[in-house]
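Peer 1:
In structure tokens form, the structure reads like this:
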């Protein structure tokens, strides 16, 4: 395996770096999403219970002690307690939009790695074929022995590029699905909080 890696040329090191970076992003985001979901379930239970008992100050403390995107959105909503529902919903939506950007962080980089990996493999193919044709131009005659190095590099880098891209694409789609599921759960929780907090009417009394 190490011998094949060396035959692939310097682009193999680039592809190795891409694969290590993609793995690190996948593990980091997976752990973070699961952590947010776990803490969110506890937050949901505690905050709903406190809000139903009209203990808004205690609910604020719970949110402040739970560092997560969801807690920051709920905190913004709690601070508008007693205001009209639509006002609370607007404030919560604005904060949720900002926190949603954080949830998507590094997914773009993962997508970029999936996109460029096959291109790096293709670049290795081109460089390998150039090397093979340079041998022909220099020696004036080609044999399997003289052409083998360039063709080998071309095939190895192409395979390596696809080997990196395929699992990264799957990882990106998996994380995107996890993020979307988390966003839906957050929206349901926030709407429940907004309904409980909306103590006023949006209609102007005549």
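Residue numbers (full-length UniProt numbering): 1 to 206. Note that beta-carbon positions come from the ideal geometry of N, C-alpha and C, so glycine has one too.
1. Using DSSP with H/G/I as helix, E/B as strand and the rest coil, what is residue 67?
2. Taking contact to mean at least 3 C-beta pairs separated by less than 8 angstroms, is the segment 36-56 in contact with the segment 117-125?
3. Of the residues 69, 81, 34, which one's Cα is nearest the Cα of residue 209?
4. Are the CB atoms of residue 158 and residue 122 nearer to each other than 8 angstroms?
5. Could you tell me if residue 71 is buried or exposed, where buried requires 16 or more neighbouring beta carbons within 10 angstroms of its beta carbon?
6. May I have the straight-line CA-CA distance separating residue 107 from residue 34, to the nearest angstrom?
7. When you compare the CB positions of residue 26 and residue 175, do they come within less than 8 angstroms of one another, or not?
8. Leaving aside the five residues before and after residue 32 along the sequence, list all residues of the same chain whose C-beta is less than 7 angstroms from its C-beta, in chain order.
9. Got a sec? Which residues, its chain only, sit under 8 angstroms from residue 223 by beta carbon, not counting five neighbours each side?
10. Just to confirm my understanding: we take residue 203, look at its own chain, exclude 5 residues before and 5 after, and list those with CB closer than 6 angstroms. What are they?
11. Using three-state DSSP, classify residue 9 as helix, strand or coil.
12. May I ask you to list the residues that DSSP assigns as paired with residue 167?
13. Just to confirm before moving on: does the CB-CB distance between residue 69 and residue 102 stay below 8 angstroms?
14. Mind checking which residues open and close the alpha helix (DSSP H) that includes residue 85?
15. DSSP on residue 81, reduced to helix/strand/coil?
16. Run through DSSP, which three-state label would residue 198 get?
17. Distance check for residue 98 and residue 186, CA to CA, integer angstroms please.
18. Measure the C-alpha to C-alpha separation of residue 167 and residue 85 and round it to an integer number of angstroms.
Peer 2: Quick look at the numbers:
1. coil
2. no
3. Because the chain spans 1 through 206 in this model, residue 209 falls outside it and cannot be assessed.
4. yes
5. buried
6. In a straight line, the C-alpha of residue 107 is about 16 angstroms away from that of residue 34.
7. yes
8. none
9. Residue 223 lies beyond the residue range present for the chain, which begins at 1 and ends at 206; the question has no answer from this structure.
10. Residue confidence is low: residue 203 scores 39 on pLDDT, short of 50, so the model does not pin down where it sits. No coordinate-derived value is stated.
11. coil
12. Looking at the DSSP assignment, residue 167 forms no beta bridge with any residue, so it has no partner.
13. yes
14. 85-103
15. Residue 81 falls in the coil class under three-state DSSP.
16. coil
17. 13 angstroms
18. 45 angstroms
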